[in-house]
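Presented below is the structure to which this report refers.
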Amino acid sequence: MFFKKFKKLVYLLLLSYFIIPINALAYSDRIIAGGENIGITLNSKGILIVGTYEVNNESPAEKAGLKNGDIIKSIDDKNVSNIEDMAKAINSTKSEEITIKYERKGQIKTTKLKLYKDENNVYKTGLFVKDSITGIGTLTFIDPETKKFGALGHEIQEQTTGKILEIKDGKIFESTVTGVVPSSNGNPGEKKAEYNDDKVKGIASENTTQGIFGDYTEEITNKKTYKVAKPEDIKEGKAKILTVLNNKEIKEYEIVITQINAKKQKNKNFIFEITDETLLEKTNGIIQGMSGSPIVKDDYIIGAVTHVVVNEPHKGYGIFITNMLEEAEN
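Adding 73 to a residue's 1-based position in the sequence shown gives its number in this note's numbering.
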């Protein structure tokens with residue numbers, strides 16, 4: 074009897090080995106390479122203090138102990154998530170000071186902020202605040218199975234504080250390139266673009282050091298897919314980047330991967346050099362807005378453009394596509 078039970082147990086254990094999937098990762102073996110220019114709007118978690126100013130020759134923010142990078146969570150016990158909420162809470166107060174609950178480096182703190190009224194009976198707080206960021210970049214990939222997307226290959230920072238923006242949500246939307254400002258040594262150029270934020274392409278949910286991620290919402294039929302290259306299979310040599318320099322036209326441009334970084338890094342996994350004469354003539358190298366441009370070789374997607382070497386704009390860094398795909402799963 075024991076032997077029969079033992080045989081059944083062994084059989085079940087063996088069966089369990091066979092039903093474990095070979096690929097435990099959620100992303101697909103083949104994904105769609107992007108390349109199109111996109112507009113990006115990210116909404117912060119709370120209201121971000123990005124600067125201060127004096128009122129009546131004194132700084133209300135300094136007296137309250139508030140600093141750039143602090144995130145306002147509530148005013149007089151009323152939760153606020155955007156600037157409109159903040160204005161309503163301030164305008165409804167009947168006091169000359171408000172109680173602010175804010176977050177700094179993961180810790181929740183509370184302080185009192187003195188209010189001042191100007192000649193037009195408008196409250197002055199001494200704070201410059203922001204609740205969202207809008208910019209442009211390049212879509213890197215869409216996973217046709219999960220409809221997850223990835224873009225940029227690096228984080229979006231709040232420009233004033235230099236800190237990564239903690240987001241509540243966001244969106245990517247249609248964008249058209251209208252012109253290019255070429256790079257020069259020590260001064261990266263940029264794409265000039267127009268937005269159409271009514272034409273939403275996806276809902277963003279993550280802003281990380283590996284890029285912007287979320288759910289793609291447009292139809293994705295009849296789009297070419299590429300095999301996902303593993304880091305160990307990526308070699309030095311010729312490859313191509315996909316990006317837009319005019320209107321919405323995605324074109325391929327030749328590059329050479331010159332170095333694979335041996336150490337595990339988040340978004341600087343290899344170095345490449347632009348060799349395409351057409352691209353160099355138009356941009357003189359990598360420009361702002363090109364971040365996220367997918368890098369492909371034959372039938373494989375290798376990674377994406379992330380950073381420019383500022384003093385040598387024809388050179389740049391790339392991120393492994395697997396690093397972005399793994400982050401998109403989180």
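Note that beta-carbon positions come from the ideal geometry of N, C-alpha and C, so glycine has one too.
Span of the beta strand (DSSP E) around residue i
i: N110; result: N110 to T125
i: N280; result: G262 to T281
i: L318; result: G310 to N319
i: A302; result: Counting along the chain, A302 falls outside any beta strand (DSSP E), and DSSP gives it neither H nor E.
Environment of residue i [buried if 16+ CB atoms lie within 10 Å]
i: V383; result: exposed
i: S165; result: exposed
i: I181; result: exposed
i: V378; result: buried
i: K274; result: buried
i: G284; result: buried
i: K167; result: exposed
i: S257; result: exposed
i: D143; result: buried
i: N269; result: exposed
i: Y126; result: exposed
i: G235; result: exposed
i: N357; result: buried
i: T316; result: buried
i: M74; result: Model confidence at M74 stands at a pLDDT of 42, short of 50, so the residue's coordinates are unreliable; what they give is reported in the following sentence. Per the 10 Å Cβ criterion, exposed.
Whole-number beta carbon distance between residue j and residue i, since they are thought to touch under 8 Å
i: N320; j: V250; result: 6 Å
i: Y189; j: V128; result: 5 Å
i: A99; j: E402; result: 5 Å
i: G243; j: L115; result: 4 Å
i: F345; j: I333; result: Not quite, the Cβ-Cβ distance comes to about 10 Å (not below 8 Å), so this is no contact.
i: I104; j: P217; result: 7 Å
i: E327; j: K311; result: 7 Å
For residue i, the first and last residue of its enclosing alpha helix (DSSP H)
i: L139; result: Segment: none, L139 is in no alpha helix (DSSP H) and carries neither H nor E.
i: L398; result: I394 to E402
i: D371; result: No alpha helix (DSSP H) contains D371, which DSSP labels as neither H nor E.
Residue i Cβ short of 8 Å to the ligand SAM heavy atom set
i: A99; result: No copy of the ligand SAM appears in this structure; indeed no ligand is present at all.
Three-state class that DSSP yields for residue i in the structure shown
i: N193; result: coil
i: Y84; result: Reliability of the predicted coordinates at Y84 is poor, the pLDDT of 42 falling under 50, and no value is obtained from them.
i: N340; result: coil
i: N129; result: coil
i: A160; result: helix
i: L200; result: strand
- request: Output the residue ranges of the beta strand (DSSP E) runs that lie fully inside the segment 230-263 and measure 3 residues or longer, sorted by chain position.
  value: 240-254
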